[in-house]
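These notes are about the structure you will find just below.
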Amino acid sequence: MDIYNSGGPEVSIRSLKKDSMKFVLTNTDLSVANALRRVMIAEVPTMAIDMVEIETNSTVLTDEFIAHRLGMIPLTSFDVDRIQYTRDCTCTLYCPNCSVELTLHVKVNVDYDDMNDPTIDKTRQVTALDLISSDESVKPVSDDKAHPILIVKMRPGQELKLKCIAKKGVAKEHAKWSPVYGISFEYDPYNRLRHSHYWIEEDEKLEWGVSANAAEETPVDPNEPFDYNAKPDKYYIEVETSGCMKPEEVALRAMTIMQDKLGGLQIKLDDEFKEDTQRWGY
Amino acid sequence: MSTSVSRMDEDQIEVDTGKVSVVPGTMIEPQCATFCLQDEDHTLGNALRWALMKNSEVDFASYSIPHPSEARTNVRIQTSDNTTAADAMYKGLDDLADLCDHVIQAFQAELAKGEFEYEEEENAF
Numbered sequence: 040m041d042i043y044n045s046g047g048p049e050v051s052i053r054s055l056k057k058d059s060m061k062f063v064l065t066n067t068d069l070s071v072a073n074a075l076r077r078v079m080i081a082e083v084p085t086m087a088i089d090m091v092e093i094e095t096n097s098t099v100l101t102d103e104f105i106a107h108r109l110g111m112i113p114l115t116s117f118d119v120d121r122i123q124y125t126r127d128c129t130c131t132l133y134c135p136n137c138s139v140e141l142t143l144h145v146k147v148n149v150d151y152d153d154m155n156d157p158t159i160d161k162t163r164q165v166t167a168l169d170l171i172s173s174d175e176s177v178k179p180v181s182d183d184k185a186h187p188i189l190i191v192k193m194r195p196g197q198e199l200k201l202k203c204i205a206k207k208g209v210a211k212e213h214a215k216w217s218p219v220y221g222i223s224f225e226y227d228p229y230n231r232l233r234h235s236h237y238w239i240e241e242d243e244k245l246e247w248g249v250s251a252n253a254a255e256e257t258p259v260d261p262n263e264p265f266d267y268n269a270k271p272d273k274y275y276i277e278v279e280t281s282g283c284m285k286p287e288e289v290a291l292r293a294m295t296i297m298q299d300k301l302g303g304l305q306i307k308l309d310d311e312f313k314e315d316t317q318r319w320g321y
Numbered sequence: 003m004s005t006s007v008s009r010m011d012e013d014q015i016e017v018d019t020g021k022v023s024v025v026p027g028t029m030i031e032p033q034c035a036t037f038c039l040q041d042e043d044h045t046l047g048n049a050l051r052w053a054l055m056k057n058s059e060v061d062f063a064s065y066s067i068p069h070p071s072e073a074r075t076n077v078r079i080q081t082s083d084n085t086t087a088a089d090a091m092y093k094g095l096d097d098l099a100d101l102c103d104h105v106i107q108a109f110q111a112e113l114a115k116g117e118f119e120y121e122e123e124e125n126a127f
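Residue numbers (my numbering), protein chains in the order written: chain A, 40 to 321; chain B, 3 to 127.
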């Protein structure tokens, strides 16, 4: 098939860490590499807190402020396939099939003995670790137990009691559902194709150094004529996840989602043309 | 006033929930058509355009997003007499899905080989 120019795309993983992966995609078009990047950012489903029912809040932060902060907390989503989208679920609002409940109850008691001792830190930090999940597979990402995600700081006498409903979603709807914190995407580090136009003071070479990826390509000879037919075919991609799922899983799921989209469109196309054969002339 | 309201109700066009449709008036003959893809954007549009152009029977293929606040993409295809726009579209979708499959397999093979810098997980999920 002509879509595979000489063997089709190749993947070469350079490094794989707990929450980041560097890989090189070669022998394919920029549009395919960009589709992969876009799907990883915006269409891989994860879990995130979507509804918050606040029972008591006497902290310094307002209810909506806390609800917003809760929404931003990444939740482990490696088992997200098991959970349905709420819009596809048969329930009216939410149910265990399409949501996970997390509760939080922190009350800081007043200790009258320590009250006037300035050397004692009486601030209680409410963190993501205080959230109790009803589902073992969906809980706040907590890789660094010493520095958990801070929700609010409380002083003695204050109380926070709430229930969160985490739902499955994609970042196309809200960025809190994005499994990635950042993706770096580079091709043609020497700017051989002149896709980049650098803003310079005096000297381009001095002001714009080449990236680490340039080590894999041959430098441009200043005397060589510009090849206007050249196309990019080597893409350096680094995915950094929020910790909600493994980076290699994000990439694999992204491609599967792309396939599902294409398959769905084929079915719809078939339906469209079956409905009214004459209209289309065959 | 009341008559105009009732008229609107009668004439109300049925909302098209289909994901793929042919833009009315764009299919003068089977070899050309503009397809409207509901809820799709540059992610699919640009890659699909490329896959279509790879088909030697396709004379012209392009995509556009008519308005940024409407979630739809238009794909225009013109083909030679050997095929039809709809068949070219079908083949384009098929080819791109095959390509995705190829990338998945390449990825899995690379993961299985394990020839990369690897940092062991401290605490698994």
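Just so it is clear, CB atoms sit at the ideal spot from N, CA and C, and this is done for glycine as well.
query	result
Cross-chain neighbours of Ser51 (chain A) in chain B, by beta carbon under 7 Å	Glu112
For Arg121 (chain A), three-class secondary structure by DSSP	helix
9 Å Cβ cut-off: residues of chain B touching Asn73 (chain A)	His44, Thr45, Asn48, Ala49
Own chain, CB closer than 6 Å to Pro195 (chain A), minus 5 neighbours either side, in chain order	Val147, Val149, Lys161
Within-8 Å CB hit, Ala90 (chain B) to chain A	no
The segment 176-190 of chain A in contact with the segment 113-122 of chain A per 3-pair CB rule at 8 Å	yes
Own chain residues within Cβ distance below 8 Å of Cys283 (chain A), not counting five before or after	Thr85, Met86, Pro113, Leu114, Thr115, Ser116, Phe117, Val180, Pro218
Below-8 Å beta-carbon distance, Tyr65 (chain B) vs any chain A residue	no
Nonlocal neighbours in the same chain, by C-beta distance under 7 Å from Lys93 (chain B), ignoring five residues either side	Asn57
Option in A:Met294, A:Gly303, A:Tyr274, A:Leu201 with minimal Cα separation from Glu92 (chain A)	A:Leu201
Heavy atom of the ligand FMN within 7 Å of Asn148 (chain A) beta-carbon	For the structure depicted, the ligand FMN is absent and the ligand set is empty, with no information on it obtainable.
Length of the line joining the Cα atoms of Val17 (chain B) and Glu31 (chain B)	Note that Val17 (chain B) scores a pLDDT of 45, beneath 50, so its modelled location is shaky; the value from the coordinates is reported in the next line. So the two alpha carbons sit approximately 26 Å from each other.
CB contact below 8 Å: Phe312 (chain A) versus chain B	yes
Chain-ordered residues of the segment 144-171 of chain A with a beta carbon less than 9 Å from chain B	none
Continuous alpha helix (DSSP H) stretch holding Phe104 (chain A): start and end	102-110
Backbone CA spacing between Leu95 (chain B) and Glu140 (chain A) [nearest angstrom]	39 Å
Contact under 8 Å by Cβ, Val29 (chain A) with Met193 (chain A)	Since the first residue of chain A shown is 40 and the last is 321, residue 29 (chain A) is not available in this structure.
Which residues DSSP lists as bridging Gly208 (chain A), in chain order	A:Thr85
Chain A residues whose Cβ lies nearer than 8 Å to that of Ser23 (chain B)	Glu311
Any chain A beta carbon closer than 8 Å to Asp96 (chain B)	yes
Residues near Leu54 (chain B) in its chain [Cβ-Cβ closer than 7 Å; skip 5 each side]	Val60, Ala63, Ile79, Ala90, Gly94
7 Å Cβ shell around Phe127 (chain B) - same chain, five flanking residues per side excluded	Legend: pLDDT at Phe127 (chain B) = 44, less than 50; position of this residue unreliable, value from coordinates given subsequently. For Phe127 (chain B), where only same-chain residues beyond five positions count, there are no Cβ hits under 7 Å.
Test item: CB-CB of Cys137 (chain A) and Tyr124 (chain A) under 8 Å	yes
Range of the contiguous alpha helix (DSSP H) that encloses Arg126 (chain A)	Where Arg126 (chain A) is concerned, there is no enclosing alpha helix (DSSP H), given that its DSSP letter is neither H nor E.
Classification of Phe37 (chain B) by the beta-carbon crowding that lies within 10 angstroms, buried from 16 upward	buried
Residues sharing a beta bridge with Val289 (chain A), DSSP	Its beta-bridge partners do not exist; DSSP assigns none.
Secondary structure, beta strand (DSSP E): runs of 3+ residues fully inside the segment 52-108 of chain B	60-66, 74-81
Reference Ile122 (chain A); option with closest CA among A:Ala72, A:Gly208, A:Lys300, A:Lys184	A:Gly208
Interface residues of chain A facing Phe109 (chain B) [CB-CB closer than 9 Å]	Val50, Ile52, Phe62, Glu287, Ala290, Leu291, Met294
Among A:Lys61, A:Ser59, A:Glu82, A:Leu132, the one whose alpha carbon lies nearest that of Asp89 (chain A)	A:Leu132
Arg9 (chain B) - DSSP class collapsed to helix/strand/coil	With a pLDDT of 39 at Arg9 (chain B), under the threshold of 50, the modelled position of that residue is not reliable, and the figure given next carries that caveat. Three-state DSSP puts Arg9 (chain B) in a helix.
Meets three-Cβ-pair contact criterion under 8 Å: the segment 295-313 of chain A and the segment 253-260 of chain A	no
7 Å Cβ cut-off: residues of chain D touching Lys56 (chain A)	In the structure shown, chain D does not exist; the protein chains are A and B.
Length of the line joining the Cα atoms of Ser59 (chain A) and Phe118 (chain B)	13 Å
Host beta strand (DSSP E) of Glu246 (chain A) (start-end)	Run containing Glu246 (chain A): none in the beta strand (DSSP E); it sits in the alpha helix (DSSP H), 243-246.
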